[in-house]
Amino acid sequence: MLKIKKYVKVKSVAEAYELNQKKTACVLGGMVWLKMGNRNVSTAIDLSGLGLDTISETEDEYVIGCMTSLRDLEMNDALDMFTHGAIRESLCHIVGVQFRNCATVGGSIYGRYGFSDVLTMFLAMDTWVELYQGGRIPLAEFASMKKDRDILENIIIKKTPLFCSYISQRNSETDFPVLTCAASLVGEEAVTVIGARPGRAMIVKDANGIMNGFKEMTNKQRAAAIESFAEFAAQNVPVGGNMRASAGYRTLLVKVLTRRAWEEVGGMKNEY
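Per this note's numbering, the sequence shown starts with residue 132, numbered consecutively.
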């Protein structure tokens, strides 16, 4: 059971930061995961009055407020077009519409949950987070950090030329994913992300340069590179077993989903 001693709807991010320095304080977010746990909260911090629930677009980036709902993100046409449908695909299987109307982007990113479709998708783009004290840092760096008491204000997606694909495997439609995979060309860089391992999403480092020059490859060369990299990913992505799948099954899925995701990226010839 979640027990809250004091509730504060803050009037500024500075106030939220100050209140959050106590270890027993908590930022509420959308309250979809928090309410399911057993926890005593001395001060519940509500950011809903700070106008951080919008998606804005500039010439160079998209700025997504931390309190933006997953449903608003899912239904944003500009982001859907920019990601060629991948961001909508990463969200539409998460529980249900009612849930996505409550769950926030900030909660999903800040939580760094192992099962997070959102973290997998955002790591596949040129994504940054904006922290009250820490300023702007790359999402990949933020995802590997230990949790602290800073306040996540915005998530920023840079408009670096992008084509990406998102795939997840689930035992049932609205269940947690067994494995997630995002593949993308961010400018000239090939990026592959595997999540729900069941650990936190990770970027697969292409240590052997298998995908270098993917844009310039012929279809035959791409097919060979994809197969080789899918095998490499299966051998190098650490996975584990839980109630949804065994480690062995997840290893097989890493290879299959990596291959399928990159085949989708490589098949979009008009985007090059």
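Beta carbons are placed, not taken as given, at the ideal position from N, Cα and C, and that holds for glycine. None of these values were measured; they are calculated from a predicted model.
Selection from Glu347, Met198 and Val141 that minimises the alpha carbon distance to Thr174:
Val141
Would you check if the region 178-185 and the region 253-262 touch, i.e. whether three or more CB-CB distances between them fall below 8 Å?
no
Assign Asp248 to buried or exposed, taking buried as 16 or more other Cβ atoms, counted over all protein chains shown, within 10 Å of its Cβ.
buried
Answer yes or no: do Ala234 and Leu201 have a C-beta to C-beta separation smaller than 7 Å?
yes
Hey, could you find the ends of the beta strand (DSSP E) Ile298 is sitting in?
Leu293 to Arg301
Quick check: Cys197 and Gly161, are their CB atoms within less than 7 Å of each other?
no
Which whole runs of the alpha helix (DSSP H) in the region 326-376 are 4 residues long or more, in chain order?
350-367
Measuring straight from C-alpha to C-alpha, what distance separates Ala327 and Asp191?
31 Å
Which residues DSSP lists as bridging Thr311, in chain order
Ser299 and Gly326
Contact set for Glu220: own chain, Cβ-Cβ below 7 Å, skip 5 residues either direction:
Tyr297
Give every residue of the same chain whose Cβ lies closer than 8 Å to the Cβ of Phe307, excluding the five residues on either side of it in the sequence, and list them in chain order.
Phe246, Arg301, Ala327 and Arg375
Close-in-space but distant-in-sequence residues of the same chain around Leu133 (CB under 6 Å, 5 per side omitted)
Lys166 and Arg170
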